[in-house]
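Asker: Mind looking over this structure? Questions follow.
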Amino acid sequence: MTTYAIGDLQGCHAEFVELLERLDFDPRRDRLWLAGDLVNRGPGSLACLREVRALGEAALTVLGNHDLHLLAVARGGADLNRKDTLDAILTAPDREALLDWLQSRPLLARQGGESDRDTVMTHAGLLPQWSVGQAEALAGEVAARLASENSGAFLERMYGNRPACWRDDLDGIERLRAIVNALTRMRFIDADGCLDFTAKEGLDSAPEGFAPWFQYPRDDAARLLFGHWAALQGGLPGARVRAEALDTGCVWGGSLTALNLDSGERVSVPSRLHR
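In terms of my numbering, the sequence shown has 230 at position 168, counting the first letter as 1, and numbering is strictly consecutive.
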């Protein structure tokens with residue numbers, strides 16, 4: 063059995079199928095970890111959702127910010143953005159089954175049995191101020207709200223840039239929003255773990271006093287898998303943690319990349335977009 067980790071699909075279905083073929087991926091034998099953002103921006107969001115859901119237990123995916131945006135539009139009253147490519151999902155005959163499946167995905171996946179060297183996957187990364195166990199518990203709080211009868215009210219109020227700094231005494235929607243932002247939107251933070259939401263490009267776009275979250279040390283040796291940051295192109299300059307950047311910008315004309323979690327080998331297929 064081989065386990066592969068893949069970054070943001072963002073509707074790049076043709077490349078996803080090609081990559082699985084290159085890997086000779088067999089769901090009866092192999093396993094797939096997906097770092098979220100299955101949908102949006104690319105032309106095949108509906109096909110991506112259907113493909114990953116059909117893999118059943120062979121595929122483990124965490125929620126990304128675009129996945130949550132889809133849920134917010136479909137079930138929280140949010141508006142579509144001009145660049146969204148979600149209409150096919152919203153009008154699909156299997157819409158509700160797909161949304162139910164997506165809404166039941168976690169924000170954090172962990173493998174290793176509560177060791178300080180566990181493999182942990184989230185969409186955007188992990189705050190250095192959080193232990194793996196704390197992050198897992200906090201992700202569980204959001205998952206519980208998504209599974210609750212008032213999930214629509216949560217999705218309606220989920221997004222916002224405040225609070226930008228985590229505090230253990232946060233409660234209510236501010237607590238849940240801070241968790242979501244850290245796990246699905248984080249790029250640059252300051253030494254106190256406060257998030258910046260303005261800079262989205264490479265490392266040279268860091269605001270004064272901020273640095274990439276992976277340039278701050280952690281108290282454990284967990285292996286962190288994340289997507290979300292296409293501008294990194296799989297590189298982690300100056301990293302002070304064990305981390306693997308998985309998003310290589312397929313939807314922006316880059317590539318779709320799979321990381322063999324056992325050997326460390328990377329296999330990529332080029333984007334079919336923007337050629």
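The C-beta atom is built at its ideal place from N, Cα and C for all residues, glycine as well. As the structure is a prediction and not an experimental result, all values here were calculated from the model.
1. Indicate whether the contact test is met: 3 or more Cβ pairs, each with one atom in the region 294-302 and one in the region 208-226, closer than 8 Å.
2. With a threshold of 6 Å on Cβ separation, who are the neighbours of Ile68 within its own chain once the five nearest residues in sequence on each side are excluded?
3. Can you give the Cα-Cα distance for Ala201 and Thr184, rounded to whole angstroms?
4. Going by DSSP, name the residue or residues bridged to Val182.
5. Between which residues of its own chain and Pro89 is the CB-CB distance below 6 Å, once the five residues before and five after are set aside?
6. Taking the CB atoms as reference points, tell me whether Ser304 and Ala284 lie closer together than 8 Å.
7. For Tyr278, which residues from the same chain have a beta carbon less than 6 Å from its beta carbon, with the 5 sequence-adjacent residues on both sides left out?
8. Return yes when the Cβ of Ser107 is within less than 8 Å of the Cβ of Leu148, no when it is not.
9. Spatial neighbours of Val204 within its chain, please: CB distance less than 7 Å, with the 5 preceding and 5 following residues excluded, ordered by chain position.
10. In this structure, does DSSP put Asn322 in helix, strand or coil?
11. Would you check if the distance between the CB atom of Asp129 and the CB atom of Leu164 is smaller than 8 Å?
12. Where in the region 206-272 do unbroken runs of the beta strand (DSSP E), each at least 3 residues long, occur, reported from the N-terminal end onward?
13. Could you spell out the range, first to last residue, of the beta strand (DSSP E) harbouring Ala293?
14. Could you pull out every residue in the same chain whose Cβ sits closer than 6 Å to the Cβ of Gly138, ignoring the five residues on either side in sequence?
15. Take Gly311 as the anchor and find which of Thr153, Gln173, Ala292, Pro269 has the nearest alpha-carbon.
16. Is Arg172 closer than 8 Å to Val182 when the C-beta atoms are compared?
17. What are the start and end residues of the beta strand (DSSP E) that includes Ser333?
18. Quick check: the Cα distance between Trp228 and Gly104, rounded to an integer number of angstroms?
19. Would you mind reading off the limits of the beta strand (DSSP E) that contains Leu96?
Answerer: Looking at the coordinates:
1. no
2. To locate residue 68, count along the sequence shown from 1; it is residue 6. The residues are Leu96, Ala320.
3. The count along the sequence shown starts at 1 and reaches residue 201 at position 139. The count along the sequence shown starts at 1 and reaches residue 184 at position 122. Rounded to the nearest angstrom, the two C-alpha atoms are 10 Å apart.
4. Numbered from 1 along the sequence shown, position 120 holds the residue referred to as residue 182. Arg172, Leu286, per the DSSP bridge assignment.
5. Position 27 of the sequence shown, counted from the start, is the residue given in the question as residue 89. Only Leu117, Ala120 meet the Cβ criterion.
6. As a working note, residue 304 is residue 242 in the sequence shown. As a working note, residue 284 is residue 222 in the sequence shown. Note that residue 304 is Arg in the sequence shown, not Ser. For Arg304 and Ala284, yes; Cβs fall inside 8 Å.
7. Position 216 of the sequence shown, counted from the start, is the residue given in the question as residue 278. Taken in chain order, the residues that qualify are Pro190.
8. One-based indexing of the sequence shown puts residue 148 at position 86. One-based indexing of the sequence shown puts residue 107 at position 45. Closer than 8 Å, so yes.
9. On the sequence shown, residue 204 is found 142 positions in, with the first residue counted as 1. Result list for Val204: Leu169, Leu238, Ile241, Val242, in chain order.
10. Taking the first residue of the sequence shown as position 1, residue 322 is located at position 260. If DSSP states are grouped into helix, strand and coil, Asn322 belongs with the strands.
11. Stepping through the sequence shown from its first residue, residue 129 is reached at position 67. Stepping through the sequence shown from its first residue, residue 164 is reached at position 102. Yes, the Cβ-Cβ distance between Asp129 and Leu164 is below 8 Å.
12. none
13. For this step, residue 293 is matched to residue 231 along the sequence shown. It is not in any beta strand (DSSP E) - Ala293 carries neither H nor E in the DSSP assignment.
14. Against the sequence shown, residue 138 aligns to sequence position 76. Same-chain partners within the cutoff: Gly214, Leu217, Glu218.
15. For the purposes of this step, residue 311 is taken as the residue at position 249 of the sequence shown. Here the closest residue by C-alpha is Ala292.
16. For the purposes of this step, residue 182 is identified with residue 120 of the sequence shown, where counting begins at 1. For the purposes of this step, residue 172 is identified with residue 110 of the sequence shown, where counting begins at 1. Closer than 8 Å, so yes.
17. Within the sequence shown, the letter at position 271 stands for residue 333. Here Ser333 belongs to no beta strand (DSSP E), and DSSP marks it neither H nor E.
18. Counting from 1 along the sequence shown, the entry for residue 228 is found at position 166. Counting from 1 along the sequence shown, the entry for residue 104 is found at position 42. Roughly 33 Å between the two C-alpha positions.
19. Within the sequence shown, numbered from 1, the residue matching residue 96 stands at position 34. First-last of the beta strand (DSSP E) with Leu96: 93-96.
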